Amino acid sequence: MNTDIENLFKDKVLGHPAGLFILFFTEMWERFSFYGMRILLVLFLTAPLLSDNPGWDWPREHALALIGTYASLLYLTPIIGGWIADKITGYRMAVVIGCIVMTLGHASMALETTASFYLGLALLVIGTGFFKPNITSIISEMYKGKESKKDGAYTIFYMGVNAGAFFGMMLCGYLAENYGWSWGFGLAGIFMFFGMLQFLLAGNLFGSIGAKPTKVHEVEIPQNINEERPELRSDKVDEAPTKLNPFTMFDYVLIVLSSIGGLLYLFNDPLEKIYNTSLVPFEIGGMSGTNIVVLAALAMFLILLVTRIARYLPVVRDRLIAVSVFGLFTVFFFAFFEQSLGSMTLFAQDYTDRTLSGNSAIIFKIVDTLLTTLPLVIISWVIYLLIKKTHHRIAASNVALILAFVGIWALVLFRLYNNFNQTELEIEATWFGILNSFFIITLAPLFSRWWESKYNPSAAMKYGIGLILLGLGFGILSYGASDIPSGAMTASVSMIFLILAYLLHTMGELCLSPLGLSYLSKLVPARMIGFMFGVWYLAIAVGQKAANTMGGMIDKISAEYSLGTFFLIFTMIPIGVGVISILLNPVLKKLMHGIR
Numbered sequence: 008m009n010t011d012i013e014n015l016f017k018d019k020v021l022g023h024p025a026g027l028f029i030l031f032f033t034e035m036w037e038r039f040s041f042y043g044m045r046i047l048l049v050l051f052l053t054a055p056l057l058s059d060n061p062g063w064d065w066p067r068e069h070a071l072a073l074i075g076t077y078a079s080l081l082y083l084t085p086i087i088g089g090w091i092a093d094k095i096t097g098y099r100m101a102v103v104i105g106c107i108v109m110t111l112g113h114a115s116m117a118l119e120t121t122a123s124f125y126l127g128l129a130l131l132v133i134g135t136g137f138f139k140p141n142i143t144s145i146i147s148e149m150y151k152g153k154e155s156k157k158d159g160a161y162t163i164f165y166m167g168v169n170a171g172a173f174f175g176m177m178l179c180g181y182l183a184e185n186y187g188w189s190w191g192f193g194l195a196g197i198f199m200f201f202g203m204l205q206f207l208l209a210g211n212l213f214g215s216i217g218a219k220p221t222k223v224h225e226v227e228i229p230q231n232i233n234e235e236r237p238e239l240r241s242d243k244v245d246e247a248p249t250k251l252n253p254f255t256m257f258d259y260v261l262i263v264l265s266s267i268g269g270l271l272y273l274f275n276d277p278l279e280k281i282y283n284t285s286l287v288p289f290e291i292g293g294m295s296g297t298n299i300v301v302l303a304a305l306a307m308f309l310i311l312l313v314t315r316i317a318r319y320l321p322v323v324r325d326r327l328i329a330v331s332v333f334g335l336f337t338v339f340f341f342a343f344f345e346q347s348l349g350s351m352t353l354f355a356q357d358y359t360d361r362t363l364s365g366n367s368a369i370i371f372k373i374v375d376t377l378l379t380t381l382p383l384v385i386i387s388w389v390i391y392l393l394i395k396k397t398h399h400r401i402a403a404s405n406v407a408l409i410l411a412f413v414g415i416w417a418l419v420l421f422r423l424y425n426n427f428n429q430t431e432l433e434i435e436a437t438w439f440g441i442l443n444s445f446f447i448i449t450l451a452p453l454f455s456r457w458w459e460s461k462y463n464p465s466a467a468m469k470y471g472i473g474l475i476l477l478g479l480g481f482g483i484l485s486y487g488a489s490d491i492p493s494g495a496m497t498a499s500v501s502m503i504f505l506i507l508a509y510l511l512h513t514m515g516e517l518c519l520s521p522l523g524l525s526y527l528s529k530l531v532p533a534r535m536i537g538f539m540f541g542v543w544y545l546a547i548a549v550g551q552k553a554a555n556t557m558g559g560m561i562d563k564i565s566a567e568y569s570l571g572t573f574f575l576i577f578t579m580i581p582i583g584v585g586v587i588s589i590l591l592n593p594v595l596k597k598l599m600h601g602i603r
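This is the structure in C-alpha cells:
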C-alpha cells in the first residue's frame with residue numbers, strides 16, 4: 008500500500024482526506040475565474056463605444072467567431088497538457104504551471120488593450136491545457152486502492168466546479184457591468200492567484216502523489232466543464248478480445264494533415280470575419296479557402312477513424328462505431344447547449360426585461376440573498392473543518408484560503424447591500440448564467456436516484472431525452488421572442504422565459520452527464536483509450552466552434568425573419584436529433600454487446 012495515500016487518509020474532513028478539499032478549492036477558484044471571465048467576453052466585445060461602460064463595439068458575429076475559436080482551443084490544449092504532465096512535469100507541477108499562466112492571462116485581459124486582450128486569451132488557453140486534465144488525475148492517484156471512496160470524492164469535487172462557476176459569474180459579472188470591464192477581468196485573476204497559492208503551499212500534504220510522471224496516464228477529464236457525475240460511472244466490464252492495431256504511416260499523415268487543417272480553420276475564421284484577412288486566400292468553385300480547408304480536414308479525420316475502426320475485431324469494432332455515434336450526438340448537444348455564453352447572454356442583455364420594482368424586487372432580493380449566502384455558509388464551515396485538521400501542517404495554505412474567502416464574503420455582502428438599497432433593481436445580464444450551476448447542484452441528486460433505479464434508461468435514450476429537453480428550452484425562448492419584430496436590436500421579454508430555458512437545458516445536460524467519457528472508458532479497448540479521449544475532446548471542440556458560428560447568425564436571421572425564428576431553428580434541430588437517437592436505441596444496444 009502506498010504510504011503517501013495512507014498518510015493522506017489520516018487527516019479526514021467529512022470522511023475524505025484533507026487533500027481532496029485542497030483540490031476542491033483549487034478547482035473552485037479556477038472555475039470562478041474561468042466562468043467569471045468567459046461570460047463577460049461577448050458583452051465586453053459587443054458593448055457600444057459610446058456608453059457608460061464602453062466595450063469594443065464589435066458586431067455579434069465577429070465576437071462569437073472569436074469566442075468560438077477560444078472555446079474550441081480550451082478543449083484541445085488539455086490533450087497536450089496531459090501528455091506533458093505524464094512525460095515531464097508530473098500532475099502537481101502541471102497544475103501549478105496552469106494556475107500561474109492563467110493568472111497572467113487574466114491580468115493581461117484586465118489591461119483592455121488589443122494586444123493584451125489577445126495575449127490574455129492565449130495564456131488562458133495554454134494554462135487550461137496544463138490545469139484541466141491534471142487536477143483530476145491527482146484525485147485518481149489519491150484514491151488508488153480505495154475505489155469505493157472515489158465516487159464520493161468526485162461528487163465533492165464536482166460541487167467545487169459548480170460553486171466556482173456560480174460565484175465567478177455572479178461577482179465578476181456584477182463588478183464588470185456596474186463598475187467597468189477591467190474590474191471583472193481583474194477579479195477573475197485575483198482569485199486564480201489565490202487558488203494557485205493555496206495549492207502550492209499545501210504541497211507537502213500530498214507527499215509523492217502527482218509529483219513524478221507515471222508510465223500510464225489514467226485520464227479523468229470531465230466531458231464538460233460543468234460535468235463530473237462519477238457516481239453514475241461503472242468500471243470497465245466485459246473486456247472483448249482485441250488485437251494489436253499500431254498506427255501506420257498513413258494514419259500519422261492523416262492525423263497531422265487533419266490537425267493542421269482544423270487549426271487553420273479555427274484561427275482563420277475570426278481573422279477573416281474581424282480583420283478581413285485570410286491565411287488561405289483562395290477560392291474554388293465559389294467556395295472560400297476556409298471552408299475548403301475545414302471540409303478537407305473533416306474528410307481526412309473521418310477516413311482515419313473509419314480505417315482504424317475497420318481493422319479491429321468485430322466486437323471491438325461494433326463498440327467503437329457506437330462510441331463514434333455518441334460522439335456525433337455530443338457535437339450536436341454542445342453546439343446548441345453552449346449558446347448559454349453566447350446568444351443567450353445577448354438575449355439576457357438586449358431582449359429581456361431585467362428591471363424589477365415593488366413586490367417582485369423584494370422577492371428577488373430575498374431569494375438572491377439565500378442563493379448566495381447559504382452556499383457560502385456551508386463552504387465556510389468546510390474551511391473551518393479543513394483548518395482544524397491541517398493547521399499544523401499547511402498553515403500558510405490555510406491563510407491564503409481564509410484571505411480568499413474573506414474577499415468573497417466582502418464582495419457578496421457589498422453586492423447584497425447595494426441591491427437592498429435600490430427600490431428599482433436592474434438585474435445584471437450575467438446573473439442568468441449562474442442558473443445552470445444552481446440547477447445542477449439542486450437537481451443532480453434527483454437524476455442520480457433516477458439512474459440508480461430500475462427505470463434507468465439506456466445510453467441512446469438518455470442522449471435522446473437530453474437533446475429533446477435542450478430543444479424544448481429553446482422552444483420556450485422562441486415563444487417568448489415571438490412578438491419581437493424583425494431586425495429589432497432590443498426588447499423587453501419577461502425573464503421567466505430565460506429562467507425556464509436554463510432549467511430545461513440543465514436537465515438535458517444532466518441526462519448526458521453520466522455518458523460521454525463513462526461509456527468511452529467501458530467501450531474502448533485499453534490500447535486505444537488515449538486516441539479516443541483525444542477524439543472525444545475534439546468532438547466537444549467542434550461543438551464549441553459550431554455553437555458560436557451558429558450563434559453569430561443571430562443578427563442575420565432575426566433581421567431577415569425574426570428572433571423567434573432564430574430560436575425555433577435551435578428548437579427543431581436538437582429535438583430531431585434526439586428523436587433519431589431514440590430510434591437508433593435497438594441498433595446501438597446491439598453494437599454495444601452487453602455493455603450498459
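Each residue of the sequence shown is one higher than the one before, counting from 8 in the working numbering.
Each residue gets a CB set at the ideal place from its N, CA and C atoms; glycine is no exception.
Computed from a prediction, not measured in an experiment: that's the story for all the values here.
Per the DSSP calculation, K295 is bridged to which residue(s)? Counting from one through the sequence shown, the residue named residue 295 turns up at place 288. Looking at the sequence shown, residue 295 is not Lys but Ser. DSSP, once it has assigned bridges, lists E290 as partnering S295.
Run of the alpha helix (DSSP H) containing P382, from where it starts to where it stops: Position 375 of the sequence shown, counted from the first residue, corresponds to residue 382. It spans 365-397 - the alpha helix (DSSP H) in which P382 sits, taken as one unbroken run.
For E234, I'd like the list of residues in its chain whose CB is within less than 6 Å of its CB, leaving aside the five on either flank, ordered along the chain. Looking up residue 234 in the sequence shown gives position 227. Residue placement at E234 cannot be trusted, given a pLDDT of 42 that sits under 50; what the coordinates show is reported in the next sentence. Taken in chain order, the residues that qualify are S520.
DSSP three-state label for P581, please. Working through the sequence shown from its first residue, we reach residue 581 at position 574. Helix.
Can you tell me the Cα-Cα spacing of G75 and F341, whole angstroms? What you label residue 75 is simply residue 68 of the sequence shown in a count that begins at 1. What you label residue 341 is simply residue 334 of the sequence shown in a count that begins at 1. Their backbone Cα atoms lie some 12 Å apart in a straight line.
Could you tell me if P24 is buried or exposed, where buried requires 16 or more neighbouring beta carbons within 10 angstroms of its beta carbon? Counting from 1 along the sequence shown, the entry for residue 24 is found at position 17. Burial call: buried.
Segment limits, alpha helix (DSSP H) that includes Q551: Here the question's residue 551 lines up with position 544 in the sequence shown. First-last of the alpha helix (DSSP H) with Q551: 536-558.
Which residue's Cα is closest to the Cα of D258: A209, F308, E290? Taking the first residue of the sequence shown as 1, we reach residue 258 at position 251. Among A209, F308, E290, the Cα nearest to that of D258 belongs to F308.
Return the Cβ separation of M514 and L450 in integer angstroms, given the expectation that the two are a contact with Cβ distance under 8 Å. Counted from its first residue, the sequence shown places residue 514 at position 507. Counted from its first residue, the sequence shown places residue 450 at position 443. So it is a contact: roughly 7 Å between Cβ atoms.
K19 bridges to which residues according to DSSP? Numbered from 1 along the sequence shown, position 12 holds the residue referred to as residue 19. DSSP lists P24 as partners of K19.
Per DSSP, T33 forms a beta bridge with which residues? For the purposes of this step, residue 33 is taken as the residue at position 26 of the sequence shown. Note: T33 sits in no beta bridge, so no partner.
Is it right to say P253 is buried, meaning 16 or more other beta carbons lie within 10 angstroms of its own, or is it exposed? Walking along the sequence shown from the start, residue 253 turns up at place 246. Label assigned to P253: exposed.
Buried or exposed: M199, going by 16 or more other Cβ atoms within 10 Å of its Cβ? As a first step, residue 199 is located in the sequence shown; it is residue number 192 there, counting from the start. When all chains shown are included, M199 counts as buried.
Assign T120 to buried or exposed, taking buried as 16 or more other Cβ atoms, counted over all protein chains shown, within 10 Å of its Cβ. Counted from its first residue, the sequence shown places residue 120 at position 113. Classification for T120: exposed.
Please state whether DSSP places E431 in a helix, a strand or coil. In the sequence shown, residue 431 corresponds to position 424, counting from 1. Note: E431 maps to coil in three-state DSSP.
Assigned exposure category for D360 - 16 Cβ within 10 Å defines buried: Here the question's residue 360 lines up with position 353 in the sequence shown. Flag for D360 reads exposed.
Could you give the C-beta distance for T497 and V49, rounded to a whole number, given that I count them as a contact under 8 Å? Counting from 1 along the sequence shown, the entry for residue 497 is found at position 490. Counting from 1 along the sequence shown, the entry for residue 49 is found at position 42. Not quite, the Cβ-Cβ distance comes to about 16 Å (not below 8 Å), so this is no contact.
Comparing C-alpha positions only, which one of T297, L204, G296, A466 sits nearest to N592? Locating residue 592 in the sequence shown gives position 585, counting from the first residue. It is A466 whose Cα lies nearest to the Cα of N592.
W190 lies in the alpha helix (DSSP H); which residues open and close that run? For the purposes of this step, residue 190 is taken as residue 183 along the sequence shown, with counting starting at 1. 188-207 is the span of the alpha helix (DSSP H), which, as asked, contains W190.
Kindly provide the ranges of any alpha helix (DSSP H) runs that are 4 or more residues long and lie completely inside the segment 43-102, ordered along the chain. 67-91
Can you tell me whether V384 is buried or exposed? The criterion is at least 16 other CB atoms within 10 Å of its CB, across all chains shown. The residue you call residue 384 lines up with position 377 of the sequence shown. Per the 10 Å Cβ criterion, exposed.
Pull up the CB-CB distance for E148 and I216, whole angstroms please, since I reckon it's below 8 Å. Position 141 of the sequence shown, counting from 1, holds the residue named residue 148. Position 209 of the sequence shown, counting from 1, holds the residue named residue 216. With 8 Å as the limit, E148 and I216 qualify as a contact, their Cβ atoms being about 5 Å apart.
Straight-line Cα distance separating W188 from G175: On the sequence shown, position 168 is the one that residue 175 refers to. On the sequence shown, position 181 is the one that residue 188 refers to. Looking at the two C-alpha atoms, the distance is approximately 14 Å.
Option nearest R604 by Cα separation, candidates V389, L251, A407: Nothing about residue 604 can be read from this structure; the chain reaches only from 8 to 603.
Beta-carbon within less than 7 Å of M557's beta-carbon, same chain only, minus the 5 sequence neighbours each way: which residues are those? To locate residue 557, count along the sequence shown from 1; it is residue 550. Same-chain partners within the cutoff: A342.
Alpha carbon to alpha carbon, how far is F421 from L182? By 1-based counting over the sequence shown, the position of residue 421 is 414. By 1-based counting over the sequence shown, the position of residue 182 is 175. Computed Cα separation, rounded: 11 Å.
For T255, count neighbouring C-beta atoms within 10 Å of its own C-beta (all shown protein chains included) and say buried if the count is 16 or more, exposed if not. Counting from 1 along the sequence shown, the entry for residue 255 is found at position 248. Exposed, since its Cβ has fewer than 16 Cβ neighbours within 10 Å.
A548 versus P532 - alpha carbon distance: Reading the sequence shown from its first residue, position 541 is the one you call residue 548. Reading the sequence shown from its first residue, position 525 is the one you call residue 532. Computed Cα separation, rounded: 23 Å.
Would you check if there are 3 or more beta carbon pairs closer than 8 Å linking the segment 159-167 to the segment 34-45? yes
Contact set for V287: own chain, Cβ-Cβ below 7 Å, skip 5 residues either direction: Residue mapping note: residue 287 aligns to position 280 of the sequence shown, counting from 1. L271, N275, G296, T297, V300.
For Q356, collect the residues of the same chain with a Cβ closer than 7 Å to its Cβ; drop the 5 residues on either side in sequence, then sort them by chain order. Looking up residue 356 in the sequence shown gives position 349. Once the five neighbours on either side are set aside, the close Cβ partners of Q356 are L50, A436.
Report yes if the CB atom of G471 is closer than 8 Å to the CB atom of I580, and no otherwise. For the purposes of this step, residue 471 is taken as residue 464 along the sequence shown, with counting starting at 1. For the purposes of this step, residue 580 is taken as residue 573 along the sequence shown, with counting starting at 1. No, they are not a contact pair.
Nearest to C518 by CA position, among M468, N185, D93, is which residue? Sequence index remark: in the sequence shown, residue 518 carries index 511 (1-based). Minimum Cα distance to C518 is reached at M468.
Neighbour-count burial assignment, T430, 16 or more Cβ in a 10 Å radius: Counting from 1 along the sequence shown, the entry for residue 430 is found at position 423. Classification of T430: exposed, given that the 10 Å Cβ count is below 16.
Considering just the uninterrupted stretch of the alpha helix (DSSP H) at K280, what are its terminal residues? Position 273 of the sequence shown, counted from the first residue, corresponds to residue 280. Per DSSP, K280 belongs to the alpha helix (DSSP H) from 256-282.
When DSSP labels each residue in this structure, what does T437 get in the three-state scheme? Start at 1 with the first residue of the sequence shown, and residue 437 comes out as number 430. Reduced to three states, the DSSP call for T437 is helix.
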